Amino acid sequence: MGPMYDLFPANLPSGIVHLKSILAKDTQDALARATKQVSKTAEFSHARTKSGGIYSAEMTNCGEFGWWSDSQGYRYTHIDPRSGQPWPKVPKSFTETLTMVLAGTDHSDFRPDACLINHYPDTAKMGLHQDKDEADFSQPIVTLSLGAAADFLIGGFKRSDKSIKLLVESGDALIMGGKSRMRFHGIRKIYPGTSPLPGLDGRLSLNFRKAT
Ligand code: MN
């Protein structure tokens, strides 16, 4: 039996798959709790760009590799540059949920080695950017959204290309793969106070990548 949702809504570019409300409420709660556990070892903080800018989202990672940015620039690391310790292991609930989400899609064999976790306070945004620090662009980027709703922007292949706005809400998954893997994307705004999860203010995004 195929998935119970429309994999290819007419208004999204090829390679973008938006699985609305694919995560049950108790799954969302479990993921938020597991994130809290990860952040006890590798706490959220505001990464900086090489030139000294500060991301308004707070970041941490789990997995074999983590994405980090500081005065040395951005890169994937095996060690959390802040603590000198390896990034925490990916919680079992993350892996199990990802497997469930990707079953029945073109990406059921996706085996990420990195999970970047962004926490967007109500006022945070993320400017249009491409994810291009990974070794193999045939591998997708898969994002699970928890907490507050957000306007996710999907652009073209140049920063100046027009973008479309996609509302992402707690329990949604978004796949950027195939022809859309290198599209510019970003977060235009968080909808304050819309998190349905007790104990979670703002938005969490769990970004699964294959770094190497
Ligand atoms: Mn990105």
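This note's numbering numbers the first residue of the sequence shown as 5 and each following residue consecutively.
Virtual Cβ for every residue (Gly too), placed ideally from N, Cα, C.
Given the structure is predicted, the values throughout are model-derived calculations rather than measurements.
Contact check for residue 60 and residue 154: beta-carbon distance about 13 Å, past the 8 Å limit, so the pair fails to qualify. In the same chain as residue 75, and ignoring 5 residues on each side of it, the C-beta atoms closer than 8 Å to its own belong to 52, 54, 56, in chain order. Note on residue 88: under 16 other CB atoms within 10 angstroms of its CB, so exposed under the neighbour-count rule. Take residue 213, set aside five residues on each side of it, and the residues of its chain with a beta-carbon closer than 6 Å to its own are 116, 118, 138, 145, in chain order.
In this structure, residue 206 sits away from residue 191, with a CB-CB distance that is not shorter than 8 Å. In the three-state reduction of the DSSP assignment, residue 34 falls in the helix class.
Put simply, of 197, 140, 160, 121 the residue whose alpha carbon is nearest the alpha carbon of residue 148 is 121.
Taking 8 Å as the upper bound for CB-CB distance, residue 189 and residue 158 are in contact here, some 5 Å apart. For residue 48, the closest of 85, 183, 197 by C-alpha to C-alpha distance is 85. Selection around ligand 1 by beta-carbon proximity, strictly under 6 Å to any non-hydrogen atom, yields 133, 135, 189 in chain order. Per DSSP, reduced to three states, the secondary structure at residue 49 is strand. Cβ atoms of residue 180 and residue 19 come within 8 Å of each other, at about 7 Å.
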